[in-house]
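**Q**
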Amino acid sequence: MPHPSSMNGIVVSFVETLWSLVIVFLFLSYLVVLFQIITDLFRDSNLDGWFKALWTLLLIVLPVVTSLIYLIVRGRGMAIRQQQRSAEAVDSTEAHLRSLVLAPSAGQQIADAKALLDNGTITAEEFATLKAKALA
């Protein structure tokens, strides 16, 4: 049976380890919030440069208090701006995918160029350029 004083040391060590984990978790959470604030601050095109500089200075001087104030004052706008950026990214991706799907195949592009060549609309050099572009 372990001596009671050694059990006390194990409990203290466990509590210290647990407390250290809580502190590390809170610090990492704060860093995530801080980077979100800085990202939002510099991506907001409606905010004047002087206000960006002021918020940044306050984040350096009084980081925790300024972060809380920023989240209270501009938190709703942060969410709206993030939703807009996400929607723009989705729209951009969908437009790119549509352009890939709807783009004519290389064979179709060459056939169209050949028809233009046969009609005399383009020269043989232009046809060769279009054919090379389609095959690239």
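Quick note: the sequence shown uses the working numbering, first residue 1031, plus one each step.
Where a beta carbon is used, it is the ideal one built from N, C-alpha and C, also for glycine.
All values reported here derive from a predicted model rather than from experimental measurement.
Apart from the five residues on each side of it in sequence, which residues of its chain come closer than 7 Å, Cβ to Cβ, to residue 1165?
**A** Closer than 7 Å at Cβ, skipping near neighbours: 1136.
**Q** Taking residue 1152 as part of the alpha helix (DSSP H), name the residues at either end of that continuous run.
**A** Run containing residue 1152: none; DSSP gives neither H nor E here.
**Q** Excluding sequence positions up to five away, which residues of its chain have a Cβ less than 6 Å from the Cβ of residue 1088?
**A** Here the set comprises 1096.
**Q** Let's test the definition: count the other Cβ atoms within 10 Å of the Cβ of residue 1100 and tell me whether it reaches 16, buried, or not, exposed.
**A** Burial call: buried.
**Q** By how many angstroms is the C-alpha of residue 1129 removed from the C-alpha of residue 1106?
**A** Whole-angstrom Cα-Cα distance: 35 Å.
**Q** Around the Cβ of residue 1080, are there at least 16 other Cβ atoms within 10 angstroms (buried) or fewer (exposed)?
**A** Residue 1080 comes out exposed.
**Q** Below 8 Å on the Cβ atoms is my guess for residue 1108 versus residue 1070; work out the distance and round it to an integer in Å.
**A** Correct: roughly 5 Å between the Cβ atoms.
**Q** DSSP state of residue 1134, grouped into three classes?
**A** Three-state DSSP puts residue 1134 in coil, outside helix and strand.
**Q** So residue 1143 and residue 1132 are supposed to be a Cβ contact under 8 Å. How far apart are they, rounded?
**A** In fact, because the Cβ distance is near 18 Å, the residues do not count as touching under 8 Å.
**Q** Where residue 1121 and residue 1140 are concerned, what is the direct C-alpha to C-alpha distance, given to the nearest angstrom?
**A** Spanning the two alpha carbons is a distance of roughly 31 Å.
**Q** Restricting to Cα atoms, I'd like to know which of 1148, 1147, 1094, 1074 is closest to residue 1056.
**A** Of 1148, 1147, 1094, 1074, the residue nearest in Cα terms is 1094.
**Q** When the Cα atoms are used, what is the spatial distance from residue 1058 to residue 1110?
**A** Cα to Cα, the separation comes out at about 24 Å.
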